[in-house]
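Protein sequence lines correspond, in order, to chains W and E. Read in order, the letters of the first sequence correspond to residues 63 to 350 in our numbering. Read in order, the letters of the second sequence correspond to residues 324 to 609 in our numbering.
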Amino acid sequence: MATESRPAPGVTIRERNVAEQKGAPVLTTSARSRPVSPAAVEADTVQVWPHLVVIEFLGAVVFTINLILLSTLVNSPLEELANGDVTPNPSKAPWYFLNLQELLLHMNSALAGVIVPTVALIGLAAIPYFDKGTRGLGVWFYNERGRRITAFSMIYTTVVLGFLIGFDVPQGRLKDALSTSLKKGGFLEGVPGMFSFLGDVPTATGILVEGIAGWIIPTVIMIAFMILLVVILKRMFKGLTTSELVIGLFSAFVATFVVLTFVGTFMRGGGMTLYMPWDPRAAGVVGH
Amino acid sequence: MARATSPGGTGAAGSGGMRGRLLRARVTGQETLRDITGSIIRNGWPTSVRGRSLAIMNSVFLHLHPIRTRPDAIKMTYTFGLGGLSFFLFLLLTLTGVLLMFYYIPAVPTAYQTIKDIQEIQPFGYLLRNMHRWAAHAMVIMVFLHMCRVFYTGSFRAPRQFNWVVGIVLLVLTFLLSFTGYLLPWDQLAIWAITVGTNMVGSTPFLGETIRFLLVGDYTVSQNALLRFYTLHVIGLPLLLSVFLAVHFWRIRKDGFSRGLTFTTRISDSGENLSAGARSAGRARE
Numbered sequence: 063m064a065t066e067s068r069p070a071p072g073v074t075i076r077e078r079n080v081a082e083q084k085g086a087p088v089l090t091t092s093a094r095s096r097p098v099s100p101a102a103v104e105a106d107t108v109q110v111w112p113h114l115v116v117i118e119f120l121g122a123v124v125f126t127i128n129l130i131l132l133s134t135l136v137n138s139p140l141e142e143l144a145n146g147d148v149t150p151n152p153s154k155a156p157w158y159f160l161n162l163q164e165l166l167l168h169m170n171s172a173l174a175g176v177i178v179p180t181v182a183l184i185g186l187a188a189i190p191y192f193d194k195g196t197r198g199l200g201v202w203f204y205n206e207r208g209r210r211i212t213a214f215s216m217i218y219t220t221v222v223l224g225f226l227i228g229f230d231v232p233q234g235r236l237k238d239a240l241s242t243s244l245k246k247g248g249f250l251e252g253v254p255g256m257f258s259f260l261g262d263v264p265t266a267t268g269i270l271v272e273g274i275a276g277w278i279i280p281t282v283i284m285i286a287f288m289i290l291l292v293v294i295l296k297r298m299f300k301g302l303t304t305s306e307l308v309i310g311l312f313s314a315f316v317a318t319f320v321v322l323t324f325v326g327t328f329m330r331g332g333g334m335t336l337y338m339p340w341d342p343r344a345a346g347v348v349g350h
Numbered sequence: 324m325a326r327a328t329s330p331g332g333t334g335a336a337g338s339g340g341m342r343g344r345l346l347r348a349r350v351t352g353q354e355t356l357r358d359i360t361g362s363i364i365r366n367g368w369p370t371s372v373r374g375r376s377l378a379i380m381n382s383v384f385l386h387l388h389p390i391r392t393r394p395d396a397i398k399m400t401y402t403f404g405l406g407g408l409s410f411f412l413f414l415l416l417t418l419t420g421v422l423l424m425f426y427y428i429p430a431v432p433t434a435y436q437t438i439k440d441i442q443e444i445q446p447f448g449y450l451l452r453n454m455h456r457w458a459a460h461a462m463v464i465m466v467f468l469h470m471c472r473v474f475y476t477g478s479f480r481a482p483r484q485f486n487w488v489v490g491i492v493l494l495v496l497t498f499l500l501s502f503t504g505y506l507l508p509w510d511q512l513a514i515w516a517i518t519v520g521t522n523m524v525g526s527t528p529f530l531g532e533t534i535r536f537l538l539v540g541d542y543t544v545s546q547n548a549l550l551r552f553y554t555l556h557v558i559g560l561p562l563l564l565s566v567f568l569a570v571h572f573w574r575i576r577k578d579g580f581s582r583g584l585t586f587t588t589r590i591s592d593s594g595e596n597l598s599a600g601a602r603s604a605g606r607a608r609e
């Protein structure tokens, strides 16, 4: 990946944000850098009118034509009048929230609906404050390694999510198992008694079940698989930089969003039972 | 130029009489038309480099752009125009939304029927509503893809960190706009999707029930929710989005586009600028 950024002897390169790509022109210092001569600027640039403006105009026109065509051919859904007494089954959120609804099926609602998305959004917003790298600006995936990291992270996430979702079929399996084992006759029968500060035995059992199956286990699983991803990435890619690690984690987030939305849209039918996408009982594209 | 000539006659000098008056009127008419159009479009159709620069600089709609840009910055395969498309979709949604507003009534007895009327009875109402709906879904997708593009090209790093944060805020606002709009048809799909969504919000620790009640305005999704969601969807969130969009665009120009206008300067140890003038022969590329 040799680039023209390697300085010749006697030449100082005052630049940041060097793109590493074969043959690509070396790119950009920040906008606040020292000015260059107008001649140099003119030689390497083109007028926005017409070059950019024409692209924008054509893009807008093509997109609008396609949108009009789609709108004449496919109608937006309109079901029966809203009726508070009749709950459809399944009852799905809009498609961009189906990923959260999928999470809801596997953990406590506060965790799935509020804490995980908030943490995800804060994590997203904080990315630039972690990734202080300078390489690869202006180049997709930064370089060849970035490409491989993205691909690997996405595949890893898909496999792990498939396993986790498939393991939790039917939903609440873990909860039921825990619940029966904590009750009379189960092998953890004595445990609620140890937590008598929570209340009497049925209350303590309820709190324990919800706490363990709804909070502790899901949180541990999520964190564990993220740490596992980090460990595997560090092993597979020698000298992993923070930038590359962030690429891996972001790719995992994108894959999670896509996979969960897909499962929620195409694989959840009545009662939120899991079906294969080709199974007609899966509710299909509900929620559009 | 009053001139006493016989009416209808052609004067010997050719500038008198009816013909002369018609000729002069035509010239004055042309001048007036030029005055009018010239006061709107001040520099004529851009052909020269100067004219093209002025076309950008003097236009309130276009002056967001820089005057010149690098060719590889505007390659479709770099950005795929996702940010621009998202903004265009927002404008399209605003236009179709305003047109829909003429017929939609946000009250429980009438909301569903007005939507049905738009879809089935109003001429081209179905087109308007469908465009609005599909553009809404497209905008959510485009905004998400735009975020991915910005991330994978490293265009969020210093000095652009804050713009990334503004972008995340815009992402959330886009989701919220789509969510509030989802309720407005007041059909089974709408009301139960919003019930599911607001129940998720309601499970926030400590403040959940308060926030849910603030959003929904009642114990169940009913008239209050419809009005609140309508107001948010139609003016509250679009205003907020516009403000953040303004900041977003401002920062893009100020921080420089990621494949932007500034260059690597190679300075030799003796202080000579090795980049300047090397390719400056000839006139500016148009």
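From the three backbone atoms N, C-alpha and C, an ideal C-beta is built for every residue, glycine too. Note that the structure is a prediction, hence the values are computed from the model and not measured.
C-alpha gap between residue i and residue j, whole angstroms
| i | j | result |
| --- | --- | --- |
| residue 501(E) | residue 251(W) | 48 Å |
| residue 242(W) | residue 248(W) | 6 Å |
| residue 484(E) | residue 421(E) | 34 Å |
| residue 577(E) | residue 154(W) | 43 Å |
| residue 488(E) | residue 188(W) | 8 Å |
| residue 207(W) | residue 131(W) | 41 Å |
| residue 547(E) | residue 561(E) | 20 Å |
| residue 495(E) | residue 182(W) | 12 Å |
| residue 343(W) | residue 481(E) | 50 Å |
| residue 196(W) | residue 572(E) | 23 Å |
| residue 507(E) | residue 456(E) | 12 Å |
| residue 263(W) | residue 284(W) | 30 Å |
Residues that residue i contacts on chain E, provided the C-beta gap is smaller than 8 Å
| i | result |
| --- | --- |
| residue 189(W) | 474, 479, 487 |
| residue 316(W) | 471 |
Beta bridge counterpart(s) of residue i as assigned by DSSP
| i | result |
| --- | --- |
| residue 344(W) | 331(W) |
| residue 510(E) | 143(W) |
| residue 392(E) | 108(W) |
| residue 336(W) | 330(W) |
Any chain E beta carbon closer than 7 Å to residue i
| i | result |
| --- | --- |
| residue 192(W) | no |
| residue 171(W) | yes |
| residue 232(W) | no |
| residue 165(W) | no |
| residue 331(W) | no |
| residue 325(W) | no |
| residue 114(W) | yes |
| residue 264(W) | no |
| residue 311(W) | no |
| residue 150(W) | yes |
| residue 295(W) | no |
| residue 186(W) | yes |
Closer than 9 Å at the beta carbon, the chain W residues around residue i
| i | result |
| --- | --- |
| residue 510(E) | 139, 140, 141, 142, 143, 144 |
| residue 553(E) | Those within 9 Å of residue 553(E) in chain W number zero; the least Cβ separation is about 14 Å. |
| residue 385(E) | 110, 111, 115 |
Any chain W beta carbon closer than 7 Å to residue i
| i | result |
| --- | --- |
| residue 419(E) | no |
| residue 573(E) | no |
| residue 356(E) | no |
| residue 353(E) | no |
| residue 469(E) | no |
| residue 453(E) | yes |
| residue 446(E) | no |
| residue 491(E) | yes |
| residue 284(E) | Because chain E spans 324 through 609 in this model, residue 284(E) falls outside it and cannot be assessed. |
Under 7 Å by beta carbon: chain W residues contacting residue i
| i | result |
| --- | --- |
| residue 527(E) | 172, 176 |
| residue 397(E) | 113, 114, 117 |
Proximal chain E residues relative to residue i, where beta-carbon distance stays under 7 Å
| i | result |
| --- | --- |
| residue 153(W) | 515, 519 |
| residue 122(W) | 411 |
| residue 363(W) | The question about residue 363(W) has no answer, for chain W in this structure spans 63 to 350. |
| residue 110(W) | 379, 388, 389, 390, 391, 392 |
| residue 280(W) | In chain order: nothing, as chain E lies at least about 14 Å away. |
Chain W residues whose Cβ lies nearer than 8 Å to that of residue i
| i | result |
| --- | --- |
| residue 450(E) | 130, 133, 134 |
| residue 438(E) | 140 |
| residue 523(E) | 155, 159, 162, 163, 166, 171, 174, 175, 176 |
| residue 495(E) | 183 |
Quiz item: Which residues, in chain order, does the region 531 to 545 of chain E contribute to contact with chain W at a C-beta distance below 9 Å?
Solution: 531, 543, 544, 545
Quiz item: When Cβ atoms are compared, which residues of the region 360 to 375 of chain E fall closer than 8 Å to chain W?
Solution: So the list reads 369, 372, 375, given in the order they occur along the chain.
Practice problem: Give the residues from the region 402 to 414 of chain E that approach chain W closer than 7 Å (Cβ to any Cβ), ordered along the chain. | Solution: 404, 407, 408, 411
Quiz item: Which of the residues in the region 196 to 214 of chain W, read from start to end, lie with their CB under 9 Å from any CB of chain E?
Solution: 196, 197, 198, 199, 200, 201, 202, 203, 204, 208, 212
Self-check item: Residues within the region 421 to 436 of chain E neighbouring chain W, beta-carbon criterion of under 9 Å
Solution: 431, 434, 435, 436
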